[in-house]
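Enquirer: Heads up, the sequence shown is in this note's numbering, so the first residue is 1133 and it goes up one at a time.
I have a structure I would like to understand better, so I am pasting it below and will then ask my questions one at a time.
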Amino acid sequence: PMPLTVQPGVISFGCARGDVDCNGQVQPRDALFIYQYERSIRSGVQSLPLQNGAIYLPVCDVNDDALCGAEDARWIMQCEVGQTNDFCP
């Protein structure tokens, strides 16, 4: 399923920044998937719907360095354990 947002007069779809598996939540598994992508264990794609096992690259770069890698995964995990950074809500 593809995430869908409905607002008065607007229908939009896509995934939130950091939600590389597009399941509607940014979770530790997103960080794991980013690490796997960086090690070429998992593929990445630029379009939806996702291919089996791929991550959605347009939402991967959570630290705004124009890359998808371990640093993005670290930022996601920091939020999970209560360490703040610019990505944490």
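Yeah, the Cβ is synthetic: ideal placement off N, Cα and C, and Gly gets one too.
(1) What do you reckon, are the CB atoms on G1201 and L1189 nearer than 7 Å?
(2) Assuming I1208 and G1156 form a contact by the criterion Cβ under 8 Å, report the distance between their Cβ atoms to the nearest whole angstrom.
(3) Can you tell me whether A1205 is buried or exposed, with buried defined as 16 or more other CB within 10 angstroms of its CB?
(4) Report the partner residues of G1176 according to the DSSP bridge assignment.
(5) Would V1213 be called buried (16 or more neighbouring beta carbons within 10 Å of its own) or exposed?
Expert: For this structure:
(1) Position 69 of the sequence shown holds residue 1201. Position 57 of the sequence shown holds residue 1189. Their beta carbons are not under 7 Å apart, which means G1201 does not touch L1189 by this criterion.
(2) To locate residue 1208, count along the sequence shown from 1; it is residue 76. To locate residue 1156, count along the sequence shown from 1; it is residue 24. About 15 Å separates the two Cβ atoms, so there is no contact after all.
(3) Working through the sequence shown from its first residue, we reach residue 1205 at position 73. The residue in question, A1205, is buried, as its Cβ has 16 or more Cβ neighbours within 10 Å.
(4) As a working note, residue 1176 is residue 44 in the sequence shown. In DSSP, G1176 forms a bridge with I1187.
(5) Residue mapping note: residue 1213 aligns to position 81 of the sequence shown, counting from 1. When all chains shown are included, V1213 counts as exposed.
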